[in-house]
Amino acid sequence: MAHEDARKNKCCHVPDAPDQPQPLPSGTKSFRCPRTQKKGNKSFLEGCITFSFVSSLIGLVVLLPVNYFSQDKSSGSYHSLDSLTISNIREGSDLLWVHFSYLCFISFYGIYLLHKEYKGILVKRIQQLKSMRQRSDQFTLLVREIPLCIEHKAHGCNVEHFFSKYHPRTYHSYQILSDVKELDHLLKKAKSIMGKIEEGRKKFGFLNDKREPLLSYTSQQNAMKIALLEEKLRKYHDIIHNLQVQTAAKHKELPVAFVTFKSRLGAALASQSQHSLNPLMWITELAPEPRDVSWKNLAIPVRLLPIREFGVIVGAFLLTIFFAIPVTAVQGIAKFEKLKKWFPPAMAINMIPGLSSIVTGYLPSAILNGFIYVVPFAMLAMAKLAGCVSRSNEEIKACNMVFYFLVGNVFFLSLLSGSLLDELEEYLTHPRNFPSHLASAVSAQADFFATYILTSGLSGFSLEILQPGLLSWDLLKSCLCCSRKEKEAYLYSLPHARIIPFISLFLLIGMVYAVVAPLLLPFLIGYFCLGYVVYVNQIEDVYATTYDTFGLYWPHIHHYIIIGILLMQVTMIGLFGLKSKPAASISTIPLLLITLYFNEHCKSRFLPTFHCYPIQEAMENDELDEKSDELEVNYETAADAYCLPCLQPPDFLLASVSTSTQQLMRRLLVIGGIYSLLISPKSQFERNINEEINKVQGASKSCHKQV
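At position 129 of the sequence shown (counting the first as 1) the number is 129 in full-length UniProt numbering, and the numbers step up by one without a gap.
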């Protein structure tokens, strides 16, 4: 009974703050990424380079001569790359079997690389879990939809009774979550006051550096403002502390808790079990890393998550639809000869020598990149509304939405709009021929995608190094926040939603055009090599590490690459049909089925290990901890790791409060003989400060009564 009471008391107190990455001093580099995260990103880019290099080597040596020397004299050439693409092959030619053989080679080579990479990342994930056995998430479960205890009318005691009964040997403790909206609001106000105090001190020091007399009116006003703000901050500290005590007294519990176990084995078994006849009660899953938790979303009821998910999908779909307008306009610029028929004023561009080449060549890709730059930020904002329990899940969801957005708009819509603008009259008169025009548009748009890859490589990586978005945001905040300077370095984690989908898109374009236009692949190799240099530098020396998922992004990257292989094969089925080679089209169908089978094999062979903690590995890691006498230390640390940020001790607020400012103000009043300030009418600023202090004191008294 004594041990059980101790466990209960431990669950109710406000634990110490977990270890969080500290902000960096201004002008210093960020924390280095973990070795697994660095290797994971490098291996993805290395795989892209390897696949592109091998495909390009064979394509340039074998397919390019076949395409060039097999020209159909009766066909005209309307595109610059036509003589080097598959469109140059005569219909029904047996040389199309060379393209089919090349298609089989790159399909199986891509499958081989995917299997090798999936297996390698899985091994690295297991090794990293074993080397970082002190992580709190290996001992902790996230439990949602906790029913209310009928006897005590509380969720917390129900967690204690439930897990003590059904997991008596492995259960250790729990940390119930509470409704802390009021605390969040007060903390934001307190941090705002801290910023004003720091700003006032810097301004006061600046005036002293200019040798402004201490008895000047400006110095007196600054000292008085800082002292009043410090007094207000002390009041906020008191009321925040009282509210934390009230929250810890279980007045505002939520049906969500972090449950800690004495072993990884117990946590793994509990996370993979259904604990109730009603699967919507006692929902358990392995907790994310403490730094990775999305605290605001934990308060969202599980029954509302499908509605939020549906709303996010609808929002992403509408954004994709509305984005079709600028993409179609961009393709209209690229098809300048046809655009002049529909928009005669565009002929004025021809009056300036060389301008037409710039407008039709570089400008469409630059405009498209400009529109697409804001898409990842919009998708990430929508993903945060879906109710994910971790920031990594939010970014993964954003990655998925951005990737499908890019495939739908940049790839398919570019092909569709190019085909419509190129042969619009024939399409309107013969709508049944639309599928054939869509298939032929792949080769017709090769020059556009070559320019797009070059533009993205030159501009995209330059923007990544210069970080103009973050610089502009920092400048905007400096202007809006009264020119506060050097608060902390504005460092962020690796923007996965802005990097992974774009690299996957370019790999998809390379796969589709590997057989159609192999001359596109050298441009892709240059893009990936430049990206390798840029992103490895950014990962090592620029971006901060806010969480580590141990390769959890790879299954989604694998899915993107599988889509690229399937699109390549489907495209070739259509092109072989257009080239009057039905035997080659039929022979490609088994290749399509093999790719689908391989994808299902990877889902059953590798994917479960990324979502669940294997029982075998959990038990082996527990045995290693027992041998080194670290097991108890690790689960005791895990019990204190999951604390709401607003429930951490507010002593950091008093760090900005010092008595030196008040002493200096008194000194100014005494030395200058300006006691009249004490009896003169108070300034509007001081009256406002005193009114807010009185409000805070009133709220503090009411809080004392409630507690």
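We treat Cβ as the ideally placed atom computed from N, Cα and C, and that holds for glycine. Just so it is clear, the structure is predicted and the values come from calculations on it, not from any experiment.
Residue i, DSSP secondary structure in three states
i      : result
ALA257 : strand
ARG234 : helix
GLU617 : helix
ARG605 : helix
ILE300 : coil
SER83  : helix
GLU285 : strand
ARG144 : strand
VAL66  : helix
ILE586 : helix
ILE89  : strand
GLU309 : helix
VAL375 : helix
GLY418 : Reliability fails at GLY418, whose pLDDT of 49 lies under 50, so the model's placement of it is uncertain and the value that follows must be treated cautiously. Of the three classes helix, strand and coil, the one that applies to GLY418 here is helix, per DSSP.
TYR427 : Confidence is the limiting factor: at TYR427 the pLDDT is only 49, short of 50, which leaves the residue's position unreliable, though a coordinate-based value still follows. TYR427: helix per DSSP, three-state reduction.
PRO213 : Low confidence applies here, because PRO213 scores a pLDDT of 48, under 50, leaving its location unreliable; read the following figure in that light. Three-state result, PRO213: coil.
ARG484 : Because ARG484 carries a pLDDT of 46, less than 50, the predicted location of this residue cannot be relied on, and no value is offered for it.
ASN369 : helix
Option nearest residue i by Cα separation, candidates the options
i           : options                        : result
GLY408      : VAL54, SER271, ILE372, GLU632  : ILE372
ASP301      : HIS172, VAL143, SER271         : This sequence places Pro at residue 301; Asp is not what is there. For PRO301, the nearest C-alpha among the options comes from VAL143.
PHE323      : VAL389, LEU254, TYR404         : TYR404
VAL515      : ALA154, LEU63, ILE176          : LEU63
MET132      : ALA639, GLU630, GLU198, PRO518 : GLU630
LEU187      : ILE146, LYS165, ARG234         : ARG234
ILE193      : GLY577, LEU228, TYR166         : LEU228
LEU148      : GLU253, PHE100, TYR174, PHE69  : GLU253
GLU464      : SER390, VAL542, ILE589, CYS602 : VAL542
SER52       : PRO279, TYR613, ILE525         : ILE525
SER178      : ALA154, LYS191, LYS189, GLU198 : ALA154
ASN369      : THR50, GLU600, LEU113, PHE448  : PHE448
THR50       : ASP94, TYR535, PRO522, GLY564  : PRO522
PRO518      : TYR68, SER271, GLU151          : TYR68
ILE573      : SER55, VAL66, ILE86, PRO65     : ILE86
ILE586      : PHE100, SER273, ILE396         : PHE100
ARG303      : GLU620, TRP295, MET281         : MET281
ARG391      : LEU96, THR545, LEU122, ASN634  : THR545
VAL312      : ALA398, ILE321, VAL533         : ALA398
PHE317      : MET401, ILE396, SER273, GLU395 : MET401
LYS42       : THR549, VAL533, GLN569         : VAL533
residue 716 : ALA267, PHE461, SER414         : Nothing about residue 716 can be read from this structure; the chain reaches only from 1 to 707.
ALA257      : PHE162, LEU305, PRO326, ILE146 : ILE146
PRO555      : GLU46, SER55, TYR118, LEU57    : TYR118
GLN272      : CYS643, SER107, CYS612         : CYS612
Start-to-end residues for the beta strand (DSSP E) that takes in residue i
i      : result
SER178 : 171-178
Residue range of the unbroken alpha helix (DSSP H) whose run includes residue i
i           : result
THR549      : THR549 -> no alpha helix (DSSP H), and no H or E assigned at all.
THR637      : 631-639
residue 714 : Residue 714 is absent from the structure shown; the chain starts at 1 and stops at 707.
VAL515      : 496-516
SER131      : 96-131
HIS558      : 554-578
TYR404      : 391-406
LYS165      : 156-166
LEU265      : 264-271
PHE465      : Looking at the sequence provided, one finds Ile at residue 465 rather than Phe. ILE465 -> alpha helix (DSSP H) spans 461-466.
Heavy atom of the ligand GTP within 8 Å of residue i beta-carbon
i      : result
ASP474 : This structure simply doesn't include the ligand GTP, nor any ligand for that matter.
Report task. Could you tell me whether the stretch 163-171 touches the stretch 262-276, where touching means 3 or more Cβ pairs closer than 8 Å? Result -> yes
**Report entry** Segment contact flag, the stretch 606-626 with the stretch 585-596, C-beta cutoff 8 Å, min 3 pairs
**Finding:** no
Requested in this report: Decide yes or no for the touch test of the stretch 272-281 against the stretch 125-140: beta carbon pairs closer than 8 Å, at least 3 of them.
Outcome: no
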